[in-house]
Every structure is written in C-alpha cells, then in structure tokens.
Amino acid sequence: MKALLDPQHALAAGLGAIRTEFQVPAAFPPAVLAAAEQAAMRPATDHVDRTDRAFVTLDPAASTDLDQAFAIEAVGADLLLHYAIADVAWFVDDDGPIDQEAWARGETLYLPDGKAGLHPPILAEGAASLLPDGDRPAIIFTVRVDPAGAATLDGVERALIRSRAKLAYGTVTDADLPAGFAEIARRIEADEQRRGAARVDPPEQEIERVDGALTLRFRPRLIAEDRNAALSLATNMAVGQALLAHRTGLFRVMDAPDAAAIARLRNTATAFGLDWPAAQPLDAFTRTLDGAQPRQAAFMLAVRRAGHGAAYTPWQAGETPWHAAVAATYAQATAPLRRLADRYVIRAALAVANGQPVPDVVTAAFARLPRVMARADATAGRIDRAAIDLAEAVMLSGHEGERFAATVTDTDDRGARIQLCDRPVVARVATPALPGDAITVRLRAVDIDTRTIAFAAAD
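Per the numbering used here, residue 69 is the first one in the sequence shown, and the count goes up by one each step.
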C-alpha cells in the first residue's frame, strides 16, 4: 500500500498473514519469467529516435518501475508536455504468457513491506522501465497546455528515448527540472479550480515509534509530488477527450459523494476541529487544507474514502463518461507497468492519433476490462483496509481501558460510526448518540491477529 510506510517493521507478522489471506502472489510462474527474459531482449524497431530530447523521471527515490518521463517545451504562449510512457505493449504479446498473467493479476498490489508486481521485474524494473541507464522504447504523448491550463492531445508516437536523470521527490531541486515544470503544473491546477474539481491527494501515513509507543502520523506531500501528479492528470484528461471524440476508449468514472457522504464528512470535520463553512462546497473546502497539519491530513484521507469508488467503463454511444473528482472526462494511460487497462488505452490513443483503426484486440479488451479491473481494485482496496486495520490495532495495543474523545459521523443498522478526535481512526460503537454528537469512548479490546479494535461508550 503506497499510503502506509512501516520502516521499523512493526507490522511484519500481520502483513504476512494479510498476504496469505488475500493470496498475494509471491512469484511469477516459470513460463512467464522465461517469456519475459526473451521479451526483454526485443529490439525497438518501430520507434522514431527521440534520444536527443532531454527527458527526466521524477519518482520516490527507491522506485525502479518507472512508467513516466517528461520534457517540456515552450511554443508561443503554450507549453508542450512531452510525456513518455513505458511501451509495455512492445514487450507483451497478446495472449502470450506475460499477457495472460497480467490479466489474472490486473494491477500491482502494494503492501507496506513490498509489492506484487503486474509484470516480472526483468521488464517492470528493467527493460521496460524508463531508467537512465540506456535507450528505452516509449509512447510519447505530446500534450498542449494553454495559458488557462486546458490540455489537448497534439500527437502520440512510438519513440526511442533516453532519460537524462532519475530524480527523486525528496532531493530534487528546481534546477534539476525542465524549464516550465512549475508553470505547467500551476496552469493545470488553475484549470482544476475553474472546473470545480475535488481531487485530493492525502499525505502518506507512516508508523512511528514515539517514547516507546507506536503511532500513526502523516508525512506531508512535497511540492514536487503534487506538480508531478498534475502532469499525469493533464495527460490522462487529454487522452480521454481524444478517445471520446473518436468514439472509442476505456474511461475512469466516479460519482460525486452523495448527500449522506457529505454529511458524514461534515461531522468528520467537526471531530477534527476544522471550520468548514456551511455554504462552502466540498471542492472549495478541500483546496484550503494543509496536508502538513495532522488533522487536516486525516480529513483529506476521509474525503478520499468518502465516495463510492471509481470504476471503468468502455465508450458507449450517447454517454459522456465523467469522473467527478477530476470534473472531466478521464482515461488512465500513464501507468502501464502497474495497471493492465492502461496498456490498452495507450494502444487506442496511438491508433486514433495517427489516423489508424483501433486494433480489434484492443476494442475487445475494453469490453472485458471493467470486470477484471473491478476485481483487481477490490482486492487492492481490501488489502489497503486490512493494512490500515492492522496498523490501528498495533498502534492502540496497550491502550485498553483508556478514554478517547470522538464524534459520531453517521449511524445505521450496525450502530454509530465514530471518528476519534486525536487519531486517524474510524470505528463503530453502540450508543444512542446522533450524527454530529461529541462523545467519549473507552477502548475495550484490541486483537492484532484479527486486526480488530472495539470501543464502548464511556460511563
């Protein structure tokens, strides 16, 4: 799980149990590894030479599965984002061993102690990864961003690139980055505000030992992370618009939080002591939040979990796919090393941008992918929730009998859901209290093996 770090390995035993429970793959079958070794030696023969362009990558320092590299060019008042994406399709034969295994997995699964990749490491962290140790095949999306931040797809090409540097969020400086990086991110963010997007990127959660006790804390996101995310956002929007115009594609869709979710979020804000004016929409309020403040960071995480989740849908006549958090039509095409669906969206975009028909195998995949990706997303979500439950149980172990201030966020036939005021913990408790009520609860029991915590209303 990317949103939970455990540098002290406090969760090691419990994470092993989670891997077993959810059948997280520990390795790739021999036939897949053998096919990957052969594919890794495949020369790039259908790619134009763009090795003279100064691409760089920007990721967490430890990352080696690098999907994206970028270069930026000023053209009059516009900025051109040359966004190079790993050309995974070049290495993966349709219905071959690597492809079949990827369809079985759907996406890379993340846990605090490691990951189960979508593709074998020889590809995902080697031949297909945009590492700065040699030439790599890529798909370059050229995205034009105008002064107002609107992004359009100018072209897509299969190209050979050479990354100049593997930059890391924690150490990168402005001098390391292409000219225009901060400006293009500013334009994209301004366009988000104009659209009323409610996209939130909570900071990472970390397990930390303080005075001998374990606690959950938030590591604030760095400016470079947010700016880098803007490049991916603009590219995915531009790809989505281009595919929609050509009546094809696979889109990421999500409904806005409903009235019940908004009411629950307002109660959560109250629990954290945040002043959310009654007349202020959610998207406007989220833009005021500071991820460096623990309670505001916890609320950002609550917003991320408030909706009913995103889904995939293929193009359908008469429908405009919509992603409420992005407030736009949106396709995902920028992480093919980690998401199966992206590989097919990229192939469709490459075809339509060059006046070619979308391959039949891609169109057929669009019909199958929503179910496959829903299953993979659901598994990833359950693993994420299990990891958080484990972290909360480990953190609260030894505090049995203690009292905690809480706010009731909502109620249903299972009782009241509460948000602790001083910790990023959501739980349930039997109480006659109503949504919005401030209550005091007592930690009754903690079971690390089952990842459960139990509260009771304090006497």
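Ideal Cβ placement from N, Cα and C applies to all residues, glycine included.
Cα-Cα separation, LEU179 to ALA145: Here residue 179 is taken as the residue at index 111 of the sequence shown, counted from 1. Here residue 145 is taken as the residue at index 77 of the sequence shown, counted from 1. Each residue's alpha carbon lies about 43 angstroms from the other.
Beta-carbon proximity list for LEU101, same chain, < 7 angstroms, skipping 5 on both sides: Numbered from 1 along the sequence shown, position 33 holds the residue referred to as residue 101. PRO188, listed in sequence order.
Bounding residues of the beta strand (DSSP E) (the contiguous stretch that carries PHE472): Your numbering for residue 472 matches position 404 in the sequence shown. Residues 471–480.
Between the CA atoms of ALA95 and GLY194 - distance to the nearest angstrom: As a position in the sequence shown, residue 194 is number 126, starting the count at 1. As a position in the sequence shown, residue 95 is number 27, starting the count at 1. Answer to the nearest angstrom: the Cα atoms are 17 angstroms apart.
LEU342 versus VAL268 - alpha carbon distance: Within the sequence shown, residue 342 is the residue found at index 274, counting from 1. Within the sequence shown, residue 268 is the residue found at index 200, counting from 1. Rounded to the nearest angstrom, the two C-alpha atoms are 17 angstroms apart.
Residue closest to CYS489, alpha-carbon to alpha-carbon, out of ALA498, GLU293, ARG436 and THR475: Stepping through the sequence shown from its first residue, residue 489 is reached at position 421. Nearest option by C-alpha distance: THR475.
Expected contact under 8 angstroms - CB spacing of THR176 and ALA170 to nearest Å: The residue you call residue 176 lines up with position 108 of the sequence shown. The residue you call residue 170 lines up with position 102 of the sequence shown. Not confirmed; about 10 angstroms, so no contact.
Buried/exposed call for ILE60, threshold 16 Cβ in 10 Å: This structure cannot settle anything about residue 60, because the visible part of the chain is limited to 69 through 527.
Backbone CA spacing between VAL509 and GLN91 [nearest angstrom]: As a working mapping, residue 509 is identified with position 441 in the sequence shown. As a working mapping, residue 91 is identified with position 23 in the sequence shown. Roughly 36 angstroms separates the two Cα atoms.
Classification of MET441 by the beta-carbon crowding that lies within 10 angstroms, buried from 16 upward: The residue labelled residue 441 in the question sits at position 373 within the sequence shown. Classification for MET441: buried.
Straight-line Cα distance separating LEU148 from GLN400: Position 332 of the sequence shown, counted from the first residue, corresponds to residue 400. Position 80 of the sequence shown, counted from the first residue, corresponds to residue 148. Spanning the two alpha carbons is a distance of roughly 19 angstroms.
Own chain partners of PRO246 with C-beta closer than 8 angstroms, once the 5 adjacent residues on each side are dropped: Locating residue 246 in the sequence shown gives position 178, where the first residue counts as 1. Cβ within range, chain order: ALA122, VAL124, PHE138, ALA139 and ILE140.
Inter-residue CB distance, LEU350 and MET368 (contact presumed, cutoff 8 angstroms): As a working note, residue 350 is residue 282 in the sequence shown. As a working note, residue 368 is residue 300 in the sequence shown. Contact flag wrong, Cβ pair sits at about 11 angstroms.
Cβ neighbour criterion (16 or more within 10 Å) applied to GLY217: On the sequence shown, position 149 is the one that residue 217 refers to. The residue is buried, with at least 16 neighbouring Cβ atoms inside 10 Å.
As assigned by DSSP and simplified to three states, the class of MET69: Here residue 69 is taken as the residue at index 1 of the sequence shown, counted from 1. Low per-residue confidence applies at MET69: pLDDT is 39, beneath 50, and the placement is therefore not dependable, though the value from the model is reported in the following sentence. Three-state DSSP puts MET69 in coil, outside helix and strand.
Residue span of the beta strand (DSSP E) that contains ARG212, given as start and end: Along the sequence shown, read from residue 1 onward, the residue named residue 212 stands at position 144. Here the beta strand (DSSP E) through ARG212 covers 204–213.
Runs of alpha helix (DSSP H) wholly within the segment 414–475 (minimum 4 residues, chain order): 428–464
Burial state of MET305 (16 or more Cβ within 10 Å): Residue 305 sits at position 237 when you count from the first residue of the sequence shown. By the 10 Å Cβ count, MET305 comes out buried.
Residue ranges of each alpha helix (DSSP H) within the segment 255–331, 4 or longer: 291–313
Candidates ASN296, GLY174 and THR381, of which the one nearest ALA250 by Cα: Within the sequence shown, residue 250 is the residue found at index 182, counting from 1. Answer by Cα proximity: ASN296.
Burial state of ILE291 (16 or more Cβ within 10 Å): Numbered from 1 along the sequence shown, position 223 holds the residue referred to as residue 291. By the neighbour-count rule (16 or more Cβ atoms within 10 Å), ILE291 is not buried but exposed.
Contacting residues, own chain, Cβ-Cβ under 8 angstroms from PRO438 (five flanking each side not counted): Taking the sequence shown and counting its residues from 1, one reaches residue 438 at position 370. Hits under 8 angstroms: LEU318, ALA379, TYR380, THR381 and PRO382.
Per-residue burial, GLY423 [other beta carbons within 10 Å of its own, 16 or more giving buried]: The count along the sequence shown starts at 1 and reaches residue 423 at position 355. GLY423 comes out exposed.
Where the beta strand (DSSP E) through PRO128 begins and ends: Within the sequence shown, the letter at position 60 stands for residue 128. Here PRO128 belongs to no beta strand (DSSP E), and DSSP marks it neither H nor E.
Meets three-Cβ-pair contact criterion under 8 angstroms: the segment 81–88 and the segment 453–462: yes
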